[in-house]
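Structure, as structure tokens:
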Amino acid sequence: MTHKIAILGASGYTGAELVRLIAGHPNMEIVALAAERKAGQSMADVFPHLRHMDLPRLCRIDEIDFGSVDLCFCALPHKTSQEIIRDLPKTLKIVDLSADFRLRDPDAYETWYGNPHVALECQEEAVYGLTEFYREEICAARLVAGTGCNAATGQYALRPLIAAGVIGLDDIILDLKCGVSGAGRALKENLLHAELSEGTNAYAVGGTHRHLGEFDQEFSKLAGRPVRVQFTPHLIPVNRGILATTYVSGNAQDIHDTLTAAYADETFVEVLPFGQTPSTHHVRGSNFCHIGVTGDRIEGRAIVVAALDNLTKGSSGQALQNANLMLGEEEVTGLMMAPLFP
Numbered sequence: 001m002t003h004k005i006a007i008l009g010a011s012g013y014t015g016a017e018l019v020r021l022i023a024g025h026p027n028m029e030i031v032a033l034a035a036e037r038k039a040g041q042s043m044a045d046v047f048p049h050l051r052h053m054d055l056p057r058l059c060r061i062d063e064i065d066f067g068s069v070d071l072c073f074c075a076l077p078h079k080t081s082q083e084i085i086r087d088l089p090k091t092l093k094i095v096d097l098s099a100d101f102r103l104r105d106p107d108a109y110e111t112w113y114g115n116p117h118v119a120l121e122c123q124e125e126a127v128y129g130l131t132e133f134y135r136e137e138i139c140a141a142r143l144v145a146g147t148g149c150n151a152a153t154g155q156y157a158l159r160p161l162i163a164a165g166v167i168g169l170d171d172i173i174l175d176l177k178c179g180v181s182g183a184g185r186a187l188k189e190n191l192l193h194a195e196l197s198e199g200t201n202a203y204a205v206g207g208t209h210r211h212l213g214e215f216d217q218e219f220s221k222l223a224g225r226p227v228r229v230q231f232t233p234h235l236i237p238v239n240r241g242i243l244a245t246t247y248v249s250g251n252a253q254d255i256h257d258t259l260t261a262a263y264a265d266e267t268f269v270e271v272l273p274f275g276q277t278p279s280t281h282h283v284r285g286s287n288f289c290h291i292g293v294t295g296d297r298i299e300g301r302a303i304v305v306a307a308l309d310n311l312t313k314g315s316s317g318q319a320l321q322n323a324n325l326m327l328g329e330e331e332v333t334g335l336m337m338a339p340l341f342p
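Note that full-length UniProt numbering has the sequence shown beginning at 1, numbered continuously upward.
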């Protein structure tokens with residue numbers, strides 16, 4: 001069976017990544033690509049690397065016949081996404097890549113994103129899209145909320161450890177480095193080559209990054225009590241990739257054993273041998289997440305390092321993984337490409 005697919009926000013990085021991934025999917029056909037400001041253009045005009053593909057021209061959202069669409073990927077900015085999804089057919093399956101449906105508490109959404117939620121009915125049915133931990137709910141969902149890329153990386157490193165009680169919950173430090181594509185495709189002065197290259201910087205310092213809302217929600221739910229991690233992201237002058245270095249209290253070998261057992265049957269999460277740590281090079285362009293564990297010279301402390309591609313496993317690859325489940329496809333279909341190296 002061929003599933004008819006629409007992508008809203010197709011002119012952004014995650015939209016282009018979705019097109020690239022779906023090109024290798026045997027049972028999906030892209031029938032609509034929406035990009036309001038670039039409507040009327042061909043995808044080859046916007047992304048020349050996709051010129052070999054036979055794709056529909058970019059259009060406005062109101063030009064799409066959603067009655068002929070099986071599943072819609074929504075790769076629009078937060079706030080815009082909820083306004084659009086609210087008015088889509090209630091029978092349409094949707095994977096949203098924005099932040100609009102990640103936080104279950106509307107008050108928390110308003111706190112972190114600065115505007116009230118306008119699609120509360122949709123919010124109530126949304127399933128959090130971290131596939132390995134919400135697989136059963138995703139299979140039955142109509143609306144899946146993709147995670148933040150930083151939030152996904154930190155959760156892969158920490159969720160099994162919090163659930164198993166093998167680390168302290170009050171002294172978790174998460175130091176994360178993210179490639180520039182995580183900031184999106186919009187023109188921004190600080191992302192110009194001359195402004196960004198040959199340097200790196202911390203941002204959202206002191207607990208202001210919006211993905212902390214996801215950490216608070218998910219880690220507290222696991223622990224059964226409030227858990228607040230100390231989190232600082234850094235922008236690094238690379239196109240793709242996230243490297244999260246997490247400092248925790250606990251026995252390093254127990255931590256490694258817990259992660260190994262938790263991900264033993266997971267195709268896309270690889271726990272490295274004890275003492276080895278991953279590189280963003282090793283997951284670039286793939287749907288894989290690599291995790292490493294090592295002890296620290298300070299007794300009772302350990303370091304957990306996770307690496308993934310923010311555009312693939314952190315966003316569009318995760319979205320396709322979830323869409324496969326929602327459409328009854330094998331979860332890994334279209335996602336087994338090897339990482340790009342060098």
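Idealized CB from N, CA, C, for every residue including glycine.
Rounded straight-line distance, which links the Cα of Q230 to that of G207:
Whole-angstrom Cα-Cα distance: 7 Å.
| Beta-carbon spacing of L308, T153 below 7 Å | Cβ atoms of L308 and T153: closer than 7 Å.
Once DSSP output is grouped into helix, strand and coil, what is the label at N201? Under the three-state reduction of DSSP, N201 is assigned to strand.
Item to check | Range covered by the beta strand (DSSP E) that runs through E29 | outcome: Taken as a continuous stretch (DSSP letters only), the beta strand (DSSP E) holding E29 covers M28 to A34.
Original post:
Would the beta-carbon of L320 fall within 7 Å of that of L21?
Top reply: Yes, these two residues count as a Cβ contact at 7 Å.
Which ranges does the beta strand (DSSP E) cover as unbroken runs of at least 3 residues, wholly within the UniProt domain "Semialdehyde dehydrogenase NAD-binding" (4-141), from first to last along the chain? With a minimum length of 3 residues, the continuous beta strand (DSSP E) runs that stay inside the UniProt domain "Semialdehyde dehydrogenase NAD-binding" (4-141) are 28-34, 71-74 and 93-96.
So T258 is in the alpha helix (DSSP H); what residue range does that whole segment cover?
-> Its alpha helix (DSSP H) spans residues A252 to A262.
Q: Output the distance between the C-alpha atoms of A23 and A145, rounded to the nearest integer angstrom.
A: About 23 Å.
Inset, instruction - Using beta-carbon positions only, say whether L311 and G292 come within less than 7 Å of one another. - result: Contact flag unset, no.
_Minimum C-alpha distance to G148 - residue among C59, A75 and V31_ = When only C-alpha atoms are compared, the closest one is A75.
**Request:** Just tell me which of A6, K177 and S181 has its CA closest to the CA of H193.
**Result:** Cα-wise, what sits closest to H193 is S181.
**OP:** Tell me, please, whether the CB atom of F47 is closer than 7 Å to any CB atom in chain D?
**Re:** You won't find chain D in this structure, because it holds only one protein chain.
Going by beta carbon distance, what residues of the same chain come within less than 7 Å of A141, once the five residues before and after it are set aside? Within the same chain, A141 has close Cβ partners V127 and M326.
task = Look at S249 and R301 and say whether their C-beta atoms are less than 7 Å apart.
result = Against a cut-off of 7 Å, the Cβ pair of R301 and S249 comes out as a contact.
### Message
Classify D265: buried if its beta carbon has 16 or more other beta carbons within 10 angstroms, exposed otherwise.
### Response
Around the beta carbon of D265, a 10 Å sphere encloses fewer than 16 other beta carbons of the protein chains shown; the residue is thus reported as exposed.
Open item on the list: Does F231 come out as helix, strand or coil in the three-state DSSP assignment?
Closed with: Strand, per DSSP.
Span separating the alpha-carbon of L71 from that of A323:
Looking at the backbone, the Cα of L71 and that of A323 are separated by about 8 Å.
### Task
Find the nearest neighbour of R185 within the set V46, M53, D175 and T333, judged by alpha-carbon distance.
For R185, the nearest C-alpha among the options comes from V46.
*asked:* Taking 6 Å as the limit between beta carbons, can you name the residues of its chain near G168, skipping five residues before and five after?
replied: Within the same chain, and ignoring the five residues on either side of G168 in sequence, the residues whose Cβ sits closer than 6 Å to its Cβ are S249.
F66 versus Q82, A44 and L33, residue with shortest Cα-Cα distance: For F66, the nearest C-alpha among the options comes from L33.
What is the DSSP secondary structure of E329, counted as helix, strand or coil?
E329 falls in the coil class under three-state DSSP.
Contact under 7 Å by Cβ, A39 with S11:
No, the Cβ-Cβ distance between A39 and S11 is not below 7 Å.
(message) If contacts are defined as beta-carbon pairs under 8 Å, then F73 and L50 qualify, I think. What distance do you get, rounded to the angstrom?
(response) Your pair F73 and L50 does not check out as a contact, with CB atoms roughly 15 Å apart and the cut at 8 Å.
Quick one: Cα of A164 to Cα of A262, how far? Near 10 Å, if we compare the C-alpha coordinates of A262 and A164.
Q.
Using a Cβ-Cβ cutoff of less than 6 Å, which residues in the same chain neighbour I138 once the five nearest sequence positions on both sides are dropped?
A. Same-chain partners within the cutoff: V127, V144, N322 and L325.
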